[in-house]
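In this note's numbering, the protein residues as written are 727 to 972. Cβ coordinates follow ideal geometry from the N, Cα and C atoms, glycine included. A short worksheet on the structure shown next.
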Ligand code: SF4
């Protein structure tokens, strides 16, 4: 369990690590970049490599029990909880834990909403289900989300890659809008974000710029690196200076 610098959550919990690309929004997946850079997975997150890249981490399952304060927890920031290679029995264990800890709010985000819709298991009110929507082609995910049994439903329009025009936001409770991070980010026109804001009446809307986030990440990483190097007084293996996303 890690503290998160993502502005809309408090902690990240990764009982699964690794994924494979499903749509345009995955092109510059930050989780893939981090994972390969720091050796958590070896190969690009393609469909062919998914068998090697989607890794279950059962030793992390019970981490939420350690949190004393009620918290927002982003589930699987380094994967997709509804990835096809995650066995149902394992997913059930994750849901059992979320159902068992009503004091926490668990935020799930998927690009595989059909699997979430079919997930016929207990959804306590503290389990928020969200979909990523990056372009018009992925708007269908919102309709799928509406069929899902979660009480609170949310959308992450991030990275927003084009104007989405009129969107049906019926029964959606929470919306996030953001641009892409990374050096090769695809530029977001702020008018596209305003278009969403203007339709999101009565919905809690949270917008942010990843470029700011990215700069903050760099500062945090640089500080961690300096601190650890200072502590050890020598060059350290990269994994020692970057425990944040494990
Ligand atoms: S679904 Fe999410 S975690 Fe998986 S490859 Fe795409 S962006 Fe990355």
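**OP:** Below 6 Å CB to CB, which residues in the same chain sit around residue 808 once its five sequence neighbours on both sides are set aside?
**Re:** 836, 838, 841 and 842
Original post:
Do residue 890 and residue 922 come within 8 Å of each other at the CB atom, strictly closer than that value?
Top reply: yes
Subject >> Residue closest to residue 894, alpha-carbon to alpha-carbon, out of 876, 868 and 914 >> reply: 868
**OP:** Would you mind sorting residue 743 into buried or exposed? The rule is 16 or more other CB atoms within 10 Å of its CB.
**Re:** buried
Original post:
Alpha carbon to alpha carbon, what distance is there between residue 916 and residue 788?
Top reply: 40 Å
Original post:
Just the Cα atoms here: how many angstroms apart are residue 732 and residue 813?
Top reply: 28 Å
Original post:
What three-state label does DSSP hand residue 820 in the structure shown?
Top reply: Correct three-state label for residue 820: helix.
Subject >> From 858, 827 and 859, residue whose alpha carbon lies closest to that of residue 848 >> reply: 827
**OP:** Note down the Cα distance separating residue 853 from residue 774, rounded to an integer number of angstroms.
**Re:** Rounded to whole angstroms, the separation of the alpha carbons of residue 774 and residue 853 is 31 Å.
Original post:
Taking all protein chains shown into account, do 16 or more other C-beta atoms lie within 10 angstroms of the C-beta of residue 769, making it buried, or fewer, making it exposed?
Top reply: exposed
Subject >> Residue burial classification, residue 705 (beta-carbon count within 10 angstroms, cutoff 16) >> reply: An answer regarding residue 705 cannot be provided, because it is not within the stretch 727 to 972 covered by the chain.
Original post:
By Cβ distance below 8 Å, which residues in the same chain neighbour residue 793 in space, the five residues on each side in sequence not counted?
Top reply: 727, 737, 799 and 830
Original post:
Would you say the beta carbon of residue 748 comes nearer than 7 Å to a heavy atom of the ligand SF4?
Top reply: The answer is yes for residue 748.
**OP:** Identify the continuous beta strand (DSSP E) that holds residue 811 and give its terminal residues.
**Re:** Note, residue 811: premise wrong, no beta strand (DSSP E); not H, not E.
Original post:
Name the DSSP bridge partner or partners of residue 833?
Top reply: 800 and 854
**OP:** Look up residue 959 in the DSSP assignment and say whether it is helix, strand or coil.
**Re:** Low local confidence applies: a pLDDT of 36 at residue 959 is under 50, so the model's placement there is unreliable, with the coordinate-based value given in what follows. Coil, per DSSP.
**OP:** Pull up the distance between the alpha-carbon of residue 951 and that of residue 918, whole angstroms please.
**Re:** Here residue 951 scores only 40 on pLDDT, less than 50, and its place in the model is too uncertain to base an answer on.
Subject >> Pairwise C-alpha distance: residue 749 and residue 810 >> reply: CA-to-CA, the gap between residue 810 and residue 749 works out to about 15 Å.
Original post:
When burial is assigned at 16 or more other CB atoms within 10 Å of the CB, is residue 779 buried or exposed?
Top reply: buried
Original post:
Does the beta carbon of residue 758 fall short of 7 Å from some heavy atom of the ligand SF4?
Top reply: Indeed, a heavy atom of the ligand SF4 lies less than 7 Å from the Cβ.
Original post:
What span of residues does the alpha helix (DSSP H) with residue 843 cover, start to end?
Top reply: 839–844
**OP:** Could you tell me if residue 735 is buried or exposed, where buried requires 16 or more neighbouring beta carbons within 10 angstroms of its beta carbon?
**Re:** buried
**OP:** Could you name the residues that DSSP lists as bridge partners for residue 744?
**Re:** The partner list for residue 744 (beta bridge, DSSP) reads 805.
Original post:
Assuming residue 877 and residue 851 make a contact with CB atoms under 8 Å, what is their CB distance in whole Å?
Top reply: Sure, about 5 Å apart at Cβ, within 8 Å.
Subject >> Distance, residue 802 Cα to residue 756 Cα >> reply: Their backbone Cα atoms lie some 13 Å apart in a straight line.
**OP:** Going by DSSP, name the residue or residues bridged to residue 782.
**Re:** 742
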